[in-house]
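Novice:
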Amino acid sequence: MQIFETVSQATDSLKANKLRSFLTLLALVIGVFSVIVSTTAVAVLDNFFTNTMSILGSDVITVQKNPAVQMGPRDASLRNRKNIKFEDAEDLQERARVAEGTSPVTTFSFTKITYEDLETDPDVRVRGSNSEYIENNAFTLGDGRNITPEDVQYKRNVVVLGKDVQVELFPNEYPLGKTVRIDGNPYQVVGLLEKKGQIFGNSFDNIAIIPYTTGINNYGGANRGIGIQLRAPEISKIEDTIEEVTGIMRVIRAVNPADENDFELITNDSLSGTFDAFTGVLYAAGFFIGLITLLGAGIGVMNIMLVSVTERTKEIGVRKAVGATRKAIVSQFLMEAIFVCQIGGLIGLLLGVGAGNYVAILIDTEPVIPLWSVLGSFFGMTLIGLVFGVFPAFKASRLDPIESLRYE
Numbered sequence: 002m003q004i005f006e007t008v009s010q011a012t013d014s015l016k017a018n019k020l021r022s023f024l025t026l027l028a029l030v031i032g033v034f035s036v037i038v039s040t041t042a043v044a045v046l047d048n049f050f051t052n053t054m055s056i057l058g059s060d061v062i063t064v065q066k067n068p069a070v071q072m073g074p075r076d077a078s079l080r081n082r083k084n085i086k087f088e089d090a091e092d093l094q095e096r097a098r099v100a101e102g103t104s105p106v107t108t109f110s111f112t113k114i115t116y117e118d119l120e121t122d123p124d125v126r127v128r129g130s131n132s133e134y135i136e137n138n139a140f141t142l143g144d145g146r147n148i149t150p151e152d153v154q155y156k157r158n159v160v161v162l163g164k165d166v167q168v169e170l171f172p173n174e175y176p177l178g179k180t181v182r183i184d185g186n187p188y189q190v191v192g193l194l195e196k197k198g199q200i201f202g203n204s205f206d207n208i209a210i211i212p213y214t215t216g217i218n219n220y221g222g223a224n225r226g227i228g229i230q231l232r233a234p235e236i237s238k239i240e241d242t243i244e245e246v247t248g249i250m251r252v253i254r255a256v257n258p259a260d261e262n263d264f265e266l267i268t269n270d271s272l273s274g275t276f277d278a279f280t281g282v283l284y285a286a287g288f289f290i291g292l293i294t295l296l297g298a299g300i301g302v303m304n305i306m307l308v309s310v311t312e313r314t315k316e317i318g319v320r321k322a323v324g325a326t327r328k329a330i331v332s333q334f335l336m337e338a339i340f341v342c343q344i345g346g347l348i349g350l351l352l353g354v355g356a357g358n359y360v361a362i363l364i365d366t367e368p369v370i371p372l373w374s375v376l377g378s379f380f381g382m383t384l385i386g387l388v389f390g391v392f393p394a395f396k397a398s399r400l401d402p403i404e405s406l407r408y409e
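Numbering (our numbering), first residue to last: 2 to 409.
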């Protein structure tokens, strides 16, 4: 019964000071929203990143010219780096003893692919590589064959098609053995990939893989910049593989012993570290904004409760006159302060979870409700109500009942 009475009195207090109550609740909502939206969005991204890394494989290492993630403009040392070339990949493959599955990787074109009177959208990624590309990138060959070393050696016009391309060009036919045209050149379809999915709305399956030597022959650019992918023989040897590849690449690129590497080695762990740093900034920003806003809201709660104490002076006097203890008065006003905070917290929580999970819609992944953030917001609002409700509550409990009854 006391709880309902407290809720009723807190509601009356809010109604009596509409503008002040609105501004205080707004500050509470913004504070909780800032924290919840950042933690929810980060939880969604973390879930998505974990799933994506499991797709890419944890034993794959990529050698490339520049870092995977760059903050701000590139400095001179990055701009002056030499391209990694096809011949570097071939040299690395010959020298490596621990690393396996070396594959040069480049995109020769984003284009449309045609078959008879059908054509794809003009954004198919034409990848040049070798037989290791499919395994290194966690594709599955559904039918036909992979690119072979002979295809690479003899620069054959053969292609392995992703699922999106298969569906667009061959809705009613079996693709294997058919000839498609890519940028005017004929290619025989020798392999069909199974569906892999998408990331950030970009499909992994909108792809055509050709021998890299064929790509050089048809597109030119033997000295173009590429990436090199390779695998550790097992997870336990990932560090040995990185050490070997680093040493070989320094020799290939003639890096002086005293100089830093002029290339990057990208692994799941390095990407995870970059991602953790990024999400750490998001967490910190959300908590900082939320903390500042909630401090302001807490002061607003205290002001509302002080006004409530003044307006209810006679009521407090009556209660004390009929035997209400100081503890009872303190408890009542603290519960009212906590109730006000919980209203703002609940609204901010619902809005924050909804807005944070909008990210899940944008990147087509599962929504997340971070339970620890939900519980944290509940206890946080309770704490703010207690901290900023203490002074008004004790002020009310110290009122003299006789003076209070005379108050007009």
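A virtual CB, placed ideally from N, CA and C, is assigned to each residue, including glycine.
Fair warning: this is a prediction, and the values are worked out from it, not measured in the lab.
Taking buried to mean at least 16 other C-beta atoms within 10 Å of its own C-beta, is residue 167 buried or exposed?
Specialist: Stepping through the sequence shown from its first residue, residue 167 is reached at position 166. Buried: at least 16 other Cβ atoms inside 10 Å.
Novice: Sorted by chain position, which residues of the same chain lie with C-beta nearer than 6 Å to residue 233's C-beta, five sequence neighbours on each side aside?
Specialist: Taking the first residue of the sequence shown as 1, we reach residue 233 at position 232. The residues are 60, 239, 242.
Novice: Would the beta-carbon of residue 360 fall within 9 Å of that of residue 115?
Specialist: Taking the first residue of the sequence shown as 1, we reach residue 360 at position 359. Taking the first residue of the sequence shown as 1, we reach residue 115 at position 114. Not a contact, by the Cβ cut-off of 9 Å.
Novice: Quick check on the burial criterion: 16 or more other C-beta atoms within 10 angstroms. Buried or exposed for residue 258?
Specialist: Position 257 of the sequence shown, counted from the first residue, corresponds to residue 258. Residue 258 comes out exposed.
Novice: Taking the straight line between their C-alpha atoms, what separation do you get for residue 62 and residue 20?
Specialist: To locate residue 62, count along the sequence shown from 1; it is residue 61. To locate residue 20, count along the sequence shown from 1; it is residue 19. Cα to Cα, the separation comes out at about 59 Å.
Novice: Using a Cβ-Cβ cutoff of less than 8 Å, which residues in the same chain neighbour residue 82 once the five nearest sequence positions on both sides are dropped?
Specialist: On the sequence shown, residue 82 is found 81 positions in, with the first residue counted as 1. So the list reads 66, 67, 263, 264, once near-sequence residues are dropped.
Novice: In terms of residues, what are the limits of the beta strand (DSSP E) holding residue 162?
Specialist: Here the question's residue 162 lines up with position 161 in the sequence shown. From DSSP, the beta strand (DSSP E) with residue 162 extends over 159–162.
Novice: With H, G and I counted as helix, E and B as strand and the rest as coil, what does DSSP make of residue 237?
Specialist: Locating residue 237 in the sequence shown gives position 236, where the first residue counts as 1. Three-state DSSP puts residue 237 in a helix.
Novice: Count the other CB atoms, across all protein chains shown, that sit within 10 Å of the CB of residue 416; report buried if there are 16 or more and exposed otherwise.
Specialist: In the structure displayed, the chain extends from 2 to 409; residue 416 sits before or after that span and is not available.
Novice: Go ahead and label residue 176 buried or exposed: buried means 16 or more other beta carbons lie within 10 angstroms of its beta carbon, across all protein chains shown.
Specialist: Counted from its first residue, the sequence shown places residue 176 at position 175. Residue 176 should be labelled buried.
Novice: Is the separation between the beta-carbon of residue 291 and that of residue 35 shorter than 9 Å?
Specialist: In the sequence shown, counting from the first residue as 1, residue 291 sits at position 290. In the sequence shown, counting from the first residue as 1, residue 35 sits at position 34. Closer than 9 Å, so yes.
Novice: Tell me whether the beta-carbon of residue 389 lies closer than 9 Å to the beta-carbon of residue 336.
Specialist: Position 388 of the sequence shown holds residue 389. Position 335 of the sequence shown holds residue 336. Taking 9 Å as the Cβ cut-off, residue 389 and residue 336 do not qualify as a contacting pair.
Novice: With a cut-off of 8 Å, do at least 3 Cβ pairs link the stretch 83–95 to the stretch 223–233?
Specialist: The stretch 83–95, when compared against the stretch 223–233, does touch it at the 8 Å Cβ threshold.
Novice: For a test of the three-state rule: what should DSSP assign to residue 187, helix, strand or coil?
Specialist: Along the sequence shown, read from residue 1 onward, the residue named residue 187 stands at position 186. If DSSP states are grouped into helix, strand and coil, residue 187 belongs with the strands.
Novice: Using a Cβ distance threshold of 8 Å, determine whether the stretch 208–217 contacts the stretch 149–166, with at least three qualifying pairs required.
Specialist: Yes, the stretch 208–217 is in contact with the stretch 149–166.
Novice: Enumerated in chain order, which unbroken segments of the alpha helix (DSSP H) with a length of 4 residues or greater are wholly contained in the stretch 92–134?
Specialist: With a minimum length of 4 residues, no continuous alpha helix (DSSP H) run stays inside the stretch 92–134.
Novice: So what does residue 209 bridge to, in DSSP terms?
Specialist: Your numbering for residue 209 matches position 208 in the sequence shown. Partner(s): 127, 162.
Novice: Is the stretch 191–201 touching the stretch 96–114, taking contact as three or more C-beta pairs under 8 Å?
Specialist: The stretch 191–201, when compared against the stretch 96–114, does not touch it at the 8 Å Cβ threshold.
Novice: Would residue 367 pass as an interface residue toward chain C - the criterion being a Cβ-Cβ separation below 9 Å?
Specialist: Any reference to chain C falls outside this structure, which holds one protein chain only.
Novice: Whole angstroms are fine: how far does the CA of residue 109 sit from the CA of residue 138?
Specialist: In the sequence shown, residue 138 corresponds to position 137, counting from 1. In the sequence shown, residue 109 corresponds to position 108, counting from 1. Near 17 Å, if we compare the C-alpha coordinates of residue 109 and residue 138.
Novice: Would you check if the distance between the CB atom of residue 397 and the CB atom of residue 340 is smaller than 9 Å?
Specialist: Looking up residue 397 in the sequence shown gives position 396. Looking up residue 340 in the sequence shown gives position 339. Not a contact, by the Cβ cut-off of 9 Å.
Novice: Starting from residue 267 and walking both ways along the alpha helix (DSSP H), at which residues does that stretch end?
Specialist: Against the sequence shown, residue 267 aligns to sequence position 266. Where residue 267 is concerned, there is no enclosing alpha helix (DSSP H), although the beta strand (DSSP E) it sits in stretches over 265–267.
Novice: Could you check if residue 289 is buried or exposed, using at least 16 other CB atoms within 10 Å of its CB as the buried criterion?
Specialist: In the sequence shown, the residue the question calls residue 289 occupies position 288. Classification for residue 289: exposed.
Novice: Can you tell me the Cα-Cα spacing of residue 79 and residue 219, whole angstroms?
Specialist: To locate residue 79, count along the sequence shown from 1; it is residue 78. To locate residue 219, count along the sequence shown from 1; it is residue 218. So the two alpha carbons sit approximately 30 Å from each other.
Novice: Measure the Cβ-Cβ separation of residue 385 and residue 22 and say whether it is below 9 Å.
Specialist: Along the sequence shown, one-based indexing puts residue 385 at 384. Along the sequence shown, one-based indexing puts residue 22 at 21. No. Outside cutoff.
Novice: Is it the case that the Cβ atoms of residue 97 and residue 245 are separated by a distance below 9 Å?
Specialist: Along the sequence shown, one-based indexing puts residue 97 at 96. Along the sequence shown, one-based indexing puts residue 245 at 244. Result yes, Cβ atoms of residue 97 and residue 245 sit closer than 9 Å.
Novice: Leaving out five residues on either side along the sequence, give the residues of the same chain with a beta carbon under 6 Å from the beta carbon of residue 165.
Specialist: The sequence position of residue 165 within the sequence shown is 164, counting from 1. Cβ neighbours of residue 165 beyond the five flanking positions: 204, 206, 207.
Novice: Report the option in 328, 395, 404, 27 whose CA atom is closest to the CA atom of residue 309.
Specialist: Position 308 of the sequence shown holds residue 309. If we check each option's Cα against that of residue 309, 395 comes out closest.
Novice: Kindly give me the distance between the Cβ atoms of residue 375 and residue 250, rounded to whole angstroms, as I take these residues to be in contact under 8 Å.
Specialist: Here residue 375 refers to the residue found at position 374 of the sequence shown. Here residue 250 refers to the residue found at position 249 of the sequence shown. Residue 375 to residue 250, Cβ: 48 Å. No contact.
Novice: Going by DSSP in three states, residue 232 sits in which element: helix, strand or coil?
Specialist: Mapped onto the sequence shown, residue 232 falls at position 231. The answer is strand: DSSP assigns residue 232 an E or B state.
Novice: Per DSSP, what kind of secondary structure is residue 376 in: helix, strand or coil?
Specialist: Taking the first residue of the sequence shown as position 1, residue 376 is located at position 375. Helix, per DSSP.
Novice: Expressed to the nearest angstrom, what Euclidean distance is found between the alpha-carbon atoms of residue 196 and residue 43?
Specialist: Numbered from 1 along the sequence shown, position 195 holds the residue referred to as residue 196. Numbered from 1 along the sequence shown, position 42 holds the residue referred to as residue 43. Cα to Cα, residue 196 sits roughly 28 Å from residue 43.
Novice: Given that a residue counts as buried once 16 or more other Cβ atoms are within 10 Å of its Cβ, and exposed if not, what is residue 321?
Specialist: Residue mapping note: residue 321 aligns to position 320 of the sequence shown, counting from 1. Looking at its Cβ environment, which holds 16 or more other Cβ atoms inside 10 Å, residue 321 is buried.
Novice: Can you say whether residue 366 is buried or exposed, counting buried as having 16 or more other CB atoms within 10 angstroms of its CB?
Specialist: Residue numbering aside, residue 366 sits at position 365 when the sequence shown is read from its first letter. It is buried - the Cβ of residue 366 has at least 16 other Cβ atoms within 10 Å.
Novice: Rounded to whole angstroms, what is the Cα-Cα separation between residue 402 and residue 370?
Specialist: Reading the sequence shown from its first residue, position 401 is the one you call residue 402. Reading the sequence shown from its first residue, position 369 is the one you call residue 370. Answer to the nearest angstrom: the Cα atoms are 49 Å apart.
Novice: Closest by CA to residue 311, which one among 174, 344, 128, 393?
Specialist: Residue mapping note: residue 311 aligns to position 310 of the sequence shown, counting from 1. Comparing Cα-Cα distances from residue 311 to each of 174, 344, 128, 393, the minimum goes to 393.
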